[in-house]
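Line by line, the protein sequences give chains H and E.
No gaps in the numbering here: position 169 of the first sequence is 194 in our numbering, and each next residue is one more.
No gaps in the numbering here: position 338 of the second sequence is 363 in our numbering, and each next residue is one more.
Beta carbons are placed, not taken as given, at the ideal position from N, Cα and C, and that holds for glycine.
Down below is the structure, laid out as structure tokens.
2 protein chains.
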Amino acid sequence: MEGVSSEAASLAGHLSLGRLIYLYDDNHISIDGSTDLAFTENRAARFRSYGWQVLRVEDGNDVEAIDKAIQEAKPDPRPSLLVCRTIIGFGAPHKQGTAKAHGEPLGDEELNAAKDNLGWPKEPRFFIPDDVLAFYREAVDRGRELEYDWKMKLDAYQRLHPVQGAELQRRLKGKLPEGWDSALPTFPLDAKGMATRAASGKVINALAPKLPELIGGSADLAPSNNTKIEGSPAFQKDSYNGRNFHFGVREHAMGSILNGMAVFGGVIPYGGTFLVFSDYMRPAIRLAALSHYPSIFIFTHDSVGLGEDGPTHQPVEQLMSLRLIPNLVVIRPADANETVKAWKVAVERRDGPTLLALTRQAVPTFDTISTQVERGAYVLKDFSKPEIILMASGSEVSLILEAAQKLADEGKGVRVVSFPSWELFEKQDEAYRESVLPKNIQKRLAVEAGASLGWERYARSVIGIDRYGASAPAKVIFDKLGFTVENVVAKAKEL
Amino acid sequence: MEGVSSEAASLAGHLSLGRLIYLYDDNHISIDGSTDLAFTENRAARFRSYGWQVLRVEDGNDVEAIDKAIQEAKPDPRPSLLVCRTIIGFGAPHKQGTAKAHGEPLGDEELNAAKDNLGWPKEPRFFIPDDVLAFYREAVDRGRELEYDWKMKLDAYQRLHPVQGAELQRRLKGKLPEGWDSALPTFPLDAKGMATRAASGKVINALAPKLPELIGGSADLAPSNNTKIEGSPAFQKDSYNGRNFHFGVREHAMGSILNGMAVFGGVIPYGGTFLVFSDYMRPAIRLAALSHYPSIFIFTHDSVGLGEDGPTHQPVEQLMSLRLIPNLVVIRPADANETVKAWKVAVERRDGPTLLALTRQAVPTFDTISTQVERGAYVLKDFSKPEIILMASGSEVSLILEAAQKLADEGKGVRVVSFPSWELFEKQDEAYRESVLPKNIQKRLAVEAGASLGWERYARSVIGIDRYGASAPAKVIFDKLGFTVENVVAKAKEL
Numbered sequence: 026m027e028g029v030s031s032e033a034a035s036l037a038g039h040l041s042l043g044r045l046i047y048l049y050d051d052n053h054i055s056i057d058g059s060t061d062l063a064f065t066e067n068r069a070a071r072f073r074s075y076g077w078q079v080l081r082v083e084d085g086n087d088v089e090a091i092d093k094a095i096q097e098a099k100p101d102p103r104p105s106l107l108v109c110r111t112i113i114g115f116g117a118p119h120k121q122g123t124a125k126a127h128g129e130p131l132g133d134e135e136l137n138a139a140k141d142n143l144g145w146p147k148e149p150r151f152f153i154p155d156d157v158l159a160f161y162r163e164a165v166d167r168g169r170e171l172e173y174d175w176k177m178k179l180d181a182y183q184r185l186h187p188v189q190g191a192e193l194q195r196r197l198k199g200k201l202p203e204g205w206d207s208a209l210p211t212f213p214l215d216a217k218g219m220a221t222r223a224a225s226g227k228v229i230n231a232l233a234p235k236l237p238e239l240i241g242g243s244a245d246l247a248p249s250n251n252t253k254i255e256g257s258p259a260f261q262k263d264s265y266n267g268r269n270f271h272f273g274v275r276e277h278a279m280g281s282i283l284n285g286m287a288v289f290g291g292v293i294p295y296g297g298t299f300l301v302f303s304d305y306m307r308p309a310i311r312l313a314a315l316s317h318y319p320s321i322f323i324f325t326h327d328s329v330g331l332g333e334d335g336p337t338h339q340p341v342e343q344l345m346s347l348r349l350i351p352n353l354v355v356i357r358p359a360d361a362n363e364t365v366k367a368w369k370v371a372v373e374r375r376d377g378p379t380l381l382a383l384t385r386q387a388v389p390t391f392d393t394i395s396t397q398v399e400r401g402a403y404v405l406k407d408f409s410k411p412e413i414i415l416m417a418s419g420s421e422v423s424l425i426l427e428a429a430q431k432l433a434d435e436g437k438g439v440r441v442v443s444f445p446s447w448e449l450f451e452k453q454d455e456a457y458r459e460s461v462l463p464k465n466i467q468k469r470l471a472v473e474a475g476a477s478l479g480w481e482r483y484a485r486s487v488i489g490i491d492r493y494g495a496s497a498p499a500k501v502i503f504d505k506l507g508f509t510v511e512n513v514v515a516k517a518k519e520l
Numbered sequence: 026m027e028g029v030s031s032e033a034a035s036l037a038g039h040l041s042l043g044r045l046i047y048l049y050d051d052n053h054i055s056i057d058g059s060t061d062l063a064f065t066e067n068r069a070a071r072f073r074s075y076g077w078q079v080l081r082v083e084d085g086n087d088v089e090a091i092d093k094a095i096q097e098a099k100p101d102p103r104p105s106l107l108v109c110r111t112i113i114g115f116g117a118p119h120k121q122g123t124a125k126a127h128g129e130p131l132g133d134e135e136l137n138a139a140k141d142n143l144g145w146p147k148e149p150r151f152f153i154p155d156d157v158l159a160f161y162r163e164a165v166d167r168g169r170e171l172e173y174d175w176k177m178k179l180d181a182y183q184r185l186h187p188v189q190g191a192e193l194q195r196r197l198k199g200k201l202p203e204g205w206d207s208a209l210p211t212f213p214l215d216a217k218g219m220a221t222r223a224a225s226g227k228v229i230n231a232l233a234p235k236l237p238e239l240i241g242g243s244a245d246l247a248p249s250n251n252t253k254i255e256g257s258p259a260f261q262k263d264s265y266n267g268r269n270f271h272f273g274v275r276e277h278a279m280g281s282i283l284n285g286m287a288v289f290g291g292v293i294p295y296g297g298t299f300l301v302f303s304d305y306m307r308p309a310i311r312l313a314a315l316s317h318y319p320s321i322f323i324f325t326h327d328s329v330g331l332g333e334d335g336p337t338h339q340p341v342e343q344l345m346s347l348r349l350i351p352n353l354v355v356i357r358p359a360d361a362n363e364t365v366k367a368w369k370v371a372v373e374r375r376d377g378p379t380l381l382a383l384t385r386q387a388v389p390t391f392d393t394i395s396t397q398v399e400r401g402a403y404v405l406k407d408f409s410k411p412e413i414i415l416m417a418s419g420s421e422v423s424l425i426l427e428a429a430q431k432l433a434d435e436g437k438g439v440r441v442v443s444f445p446s447w448e449l450f451e452k453q454d455e456a457y458r459e460s461v462l463p464k465n466i467q468k469r470l471a472v473e474a475g476a477s478l479g480w481e482r483y484a485r486s487v488i489g490i491d492r493y494g495a496s497a498p499a500k501v502i503f504d505k506l507g508f509t510v511e512n513v514v515a516k517a518k519e520l
């Protein structure tokens with residue numbers, strides 16, 4: 026019933042993923058009762074409409090029939106749905122075939138009755154018949170043999186093709202190639218600069234030749250997300266060698282598919298959409314974080330600065346709400362060079378997901394001397410001995426830098442902190458954190474084009490956005506919402 | 026392609042919503058290019074599998090053909106999909122039928138060429154032909170007549186049936202009946218208490234006879250969410266008078282459907298699921314907030330206290346991430362009586378959505394004397410002259426009350442603040458907020474079984490959860506994660 030399963034099945038049909046076989050436990054029961062209460066569509070016909078093969082197993086307890094269906098499904102070039110008619114809680118005389126068998130433990134009496142039905146002893150309560158145990162124990166030997174065969178094959182391959190063999194091993198182990206990061210570009214100081222989404226696109230294409238395992242795409246926003254690997258075909262049913270995925274307008278499935286690829290291994294998958302649509306795939310982002318999958322999420326158009334698309338497309342609360350997800354590293358780089366470093370963190374982080382929040386609009390490129398994205402926050406510049414700290418992430422860093430200059434011109438001591446990632450900063454030791462944000466400087470102003478809630482952790486005053494956006498060019502909106510040098514200077518002076 | 030459209034269409038087919046007619050603008054183009062890149066399923070067959078009538082309009086510019094299809098769709102008892110084959114950017118010679126006509130403005134040259142194609146003048150740029158203007162102007166008269174006819178009908182109905190007529194007017198205007206809130210229950214002081222989800226179920230059923238416009242349901246968790254209105258049938262295709270909706274396992278569609286009902290008016294819709302699954306419907310919650318729809322979202326199992334279902338089902342970051350959504354009122358009541366007041370706020374709030382976060386587990390019922398949910402936060406109890414403030418929401422309020430008692434026994438002055446709703450508190454005037462949280466008491470500890478990020482706004486120290494949960498009974502998890510009287514007392518003493 027969940028929408029994500031429709032999205033994923035539609036794409037699997039489109040891509041003709043013939044090795045995919047679903048066993049649908051068709052027990053006609055959900056928590057509210059019969060599935061007839063809410064779910065009377067023709068499921069088999071739906072999956073056929075996606076381009077799937079659909080097979081039926083009339084008795085889902087008939088192991089031979091299931092095996093036969095799987096054998097039939099395997100050679101078919103389409104993905105297959107095996108509709109297995111089952112009885113939930115089979116054998117429990119009063120609860121079988123009812124919602125009670127889903128939502129509640131059977132209880133002693135019902136368990137005893139079920140055991141009587143099956144001719145099983147009442148003790149031990151958790152009983153494993155000898156023949157079942159023997160059957161499963163065989164799986165250990167069978168698995169050992171299969172693994173041995175596979176290793177022999179791999180060894181033979183490696184002897185015949187030493188270079189490709191080593192490369193395959195490297196990828197399966199998830200090791201990065203020697204010197205991979207020498208491909209990372211640096212961008213020259215440039216007041217006009219570029220959008221961080223554009224810088225991200227350049228990084229992807231700089232890395233692509235060195236990291237053949239880097240694959241990804243977008244939920245139908247490739248030209249906007251700058252996710253395309255040039256010179257590689259699209260991943261399609263007749264081009265599984267393609268590195269560019271067209272996920273369609275299916276953010277939730279995209280996130281789930283990235284997670285599947287990331288945990289399978291051998292590839293470094295990334296996927297892009299607008300930051301506001303992270304809401305559509307939030308369960309997949311959470312699952313990646315919970316399960317330590319190294320998926321890379323690319324979210325562009327990361328503030329009201331995206332302009333005329335208006336409030337439905339303008340993220341406000343998303344950035345902070347993503348920082349709330351445990352074990353997710355959120356990075357919002359301030360310029361092209363921070364974007365390079367953000368990608369370095371993402372590629373090297375193999376025990377959890379990384380998320381990049383990138384601008385649509387151009388931002389100035391700073392020099393690279395001090396860029397320390399990997400530390401989460403760092404001193405971009407001190408204007409004489411600081412008595413106040415201005416901190417920001419992403420597109421607002423250039424704004425506070427300008428404001429700091431103005432304050433400095435008036436003789437104030439100001440520190441400018443670029444704060445691309447909370448999670449990375451909070452992993453630093455106490456001494457480093459104190460060196461960036463000394464306890465004795467409590468006059469601190471945070472500036473971020475997103476919800477202010479949360480910044481109280483680091484700052485005494487916040488310029489944020491606690492309302493929805495508006496439809497206008499970036500500069501007009503930023504001015505209206507207080508993201509101006511004048512306002513930053515004024516708020517700093519209040520402190 | 027979006028999953029939510031699959032969820033909604035499946036339910037519409039199930040419910041046989043024959044008055045629903047979709048016009049599918051089938052232009053074969055998405056932002057990445059041809060829809061063939063990602064979307065080759067048989068859409069017509071998919072909708073037929075949902076139980077829809079599917080009709081085709083071969084030329085989507087043929088207004089007569091569209092009208093004919095609509096006339097054909099109307100009498101059919103099924104919802105209808107009209108697949109209208111169109112050409113995006115029709116008439117623009119270089120961009121028509123391409124993704125450029127979706128993602129970019131036409132530009133001057135292309136616009137001129139399109140106008141040449143259509144035989145239209147180049148100026149004015151935004152040109153409305155006279156016959157088009159005349160046709161649309163007629164709609165004003167036509168609408169006036171239709172409205173007049175409808176008003177006559179309504180008046181006649183009201184004369185014939187004065188009671189029902191007045192009731193219909195009341196509901197259409199969204200006015201609550203006189204004395205509706207006299208039906209609200211109060212719960213006696215009770216150390217054992219009850220789950221706030223159970224209290225919510227009692228409130229719904231107490232209000233149901235007085236508020237016939239109150240309708241709702243659950244995304245297949247009715248027995249867990251306590252959302253059922255007793256004595257009313259389910260809303261099904263043969264019982265549109267039913268007040269209980271079975272949305273199925275379709276959270277995103279549920280949220281969207283609630284929004285549709287709320288903005289249409291005449292009803293007060295609510296929908297329930299587990300708090301962790303709010304992630305699945307977050308875009309719908311945001312849309313309600315953005316568009317000022319008075320949808321009511323009931324989220325039970327609101328913390329790791331839900332027990333053995335484990336981390337995938339245990340909300341951690343959800344509560345605070347929902348507080349981040351502008352214009353959404355989030356209420357997490359501490360006991361049965363706060364739950365009553367939370368419902369009062371939700372029913373009375375007609376210009377935006379309200380969200381209730383409710384416990385699975387029993388919590389003590391306090392007396393009702395001080396309960397002031399509508400103010401967002403209030404002093405539940407002062408133990409002598411307070412030198413420290415303990416604050417909490419929901420199930421943690423009874424915990425801080427116990428801890429405060431212990432601190433008081435040791436001679437400390439402690440204030441206990443129940444903090445069910447940030448948004449409601451932040452709407453109070455400065456004087457009230459100062460009376461609850463005086464600036465001169467900075468020793469403040471917040472305790473909440475969710476992400477701590479954000480509580481720095483009000484408290485200097487936080488006992489929160491910044492990791493995923495674990496699978497164990499509520500008490501065991503709470504102990505492990507530091508939600509014990511001993512830990513609260515210790516943290517308070519540190520301050």
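Using 8 Å as the threshold, is the C-beta distance between ALA442 of chain E and ALA429 of chain E below it?
As written in the sequence, residue 442 of chain E is Val, which differs from the Ala given in the question. No, they are not a contact pair.
I want to see whether chain E comes within less than 8 Å of MET286 of chain H, judged by CB atoms only; does it?
No, its Cβ sits nowhere closer than 8 Å to a Cβ of chain E.
Could you give the distance in angstroms between the alpha-carbon of GLY280 of chain H and the alpha-carbon of VAL487 of chain E?
32 Å
Looking at SER320 of chain H: is its Cβ nearer than 8 Å to the Cβ of GLY28 of chain E?
Against a cut-off of 8 Å, the Cβ pair of GLY28 of chain E and SER320 of chain H comes out as no contact.
Positions along the segment 67 to 91 of chain H whose CB lies within less than 9 Å of some CB in chain E
ASN67, ARG68, ALA69, ALA70, ARG71, PHE72, ARG73, SER74, TYR75 and GLY76
With 8 Å set as the bound, which would you pick, yes or no: does the beta-carbon of MET416 of chain H sit closer than that to a beta-carbon of chain E?
Not closer than 8 Å to any Cβ of chain E, the Cβ of MET416 of chain H fails to qualify, so no.
When you compare only the Cα positions, how much space is there between MET219 of chain H and PHE299 of chain H?
18 Å
Quick one: using the 10 Å Cβ neighbour count with 16 as the cut-off for buried, is VAL188 of chain E buried or exposed?
exposed
Could you tell me which residues DSSP puts in a beta bridge with HIS271 of chain H?
According to DSSP, which records beta bridges pairwise, HIS271 of chain H is partnered with H:SER243.
Given VAL274 of chain E, which residues of its chain have a CB within under 8 Å of its CB, disregarding the five upstream and five downstream residues?
Excluding residues within five positions, the ones whose Cβ falls inside 8 Å are ALA244 and ASP245.
For ALA223 of chain E, report the span of its alpha helix (DSSP H) as first-last.
Taken as a continuous stretch (DSSP letters only), the alpha helix (DSSP H) holding ALA223 of chain E covers 221 to 232.
Between E:VAL404, E:LEU424, E:ALA499 and E:MET26, which has its C-alpha nearest GLU459 of chain E's C-alpha?
Looking at the Cα atoms, E:VAL404 is the closest of the given residues.
Under 7 Å, CB to CB, which of the residues in the segment 304 to 319 of chain H have a partner in chain E?
ASP304, TYR305, ARG307, PRO308, ARG311 and LEU315
For GLN397 of chain H and ALA216 of chain E, what's the separation of their Cα atoms in angstroms?
54 Å
Just the C-alpha distance for GLY401 of chain E and ARG357 of chain E, rounded to the nearest angstrom, thanks.
Straight-line Cα distance between these residues: approximately 10 Å.
TYR49 of chain H (DSSP reduced to helix, strand or coil):
strand
Suppose you measure from the CA of THR221 of chain E to the CA of SER423 of chain E; what does that come to, to the nearest Å?
13 Å
Is the Cβ-Cβ distance between MET306 of chain E and GLU342 of chain E less than 8 Å?
no
Given a limit of 8 Å on CB to CB distance, which residues of the segment 462 to 493 of chain H reach chain E?
For the segment 462 to 493 of chain H, the set of positions with a beta-carbon nearer than 8 Å to some beta-carbon of chain E reads ALA476, LEU478, GLY479, GLU481, ARG482, ASP491, ARG492 and TYR493 in chain order.
Taking Cβ-Cβ distances below 9 Å as the criterion, which residues of the segment 343 to 359 of chain E are in contact with chain H?
GLN343, MET345, SER346, LEU347, ARG348, LEU349, ILE350, PRO351 and ASN352
What do you get for MET26 of chain H, buried or exposed, if any count of 16 or more other CB atoms within 10 angstroms of its CB means buried?
Label assigned to MET26 of chain H: buried.
Is ALA387 of chain E near the ligand FMN, with its Cβ less than 7 Å from a heavy atom?
What this structure holds is no ligand at all, so the ligand FMN is not there to describe.
Rounded distance between the beta-carbons of LEU470 of chain H and ASP415 of chain H, thought under 8 Å
Checking the sequence, you will find Leu at residue 415 of chain H rather than Asp. Yes, they are in contact, since the Cβ atoms of LEU415 of chain H and LEU470 of chain H sit about 5 Å apart, within 8 Å.
Taking DSSP as the reference, what is the three-state secondary structure of LEU106 of chain H?
strand
Spatial distance of LEU283 of chain E from ALA313 of chain E (CA atoms)
9 Å
Going by other Cβ atoms of all chains shown within 10 Å of its Cβ, with 16 needed for buried, is TRP77 of chain H buried or exposed?
Counting every other CB atom within 10 Å of its CB across the protein chains shown gives TRP77 of chain H a total of 16 or more, marking it as buried.
Minimum Cβ-Cβ distance from LEU62 of chain E to chain H less than 8 Å
yes
Who does MET177 of chain E pair with in a DSSP beta bridge?
As computed with DSSP, MET177 of chain E is found in no beta bridge at all.
Whole-angstrom distance between GLU66 of chain E and ALA34 of chain E, CA atom to CA atom
16 Å
Identify, in the order they occur along the chain, each residue of the same chain with its Cβ nearer than 8 Å to the Cβ of THR337 of chain E, setting aside the five sequence neighbours on each side.
VAL301, listed in sequence order.
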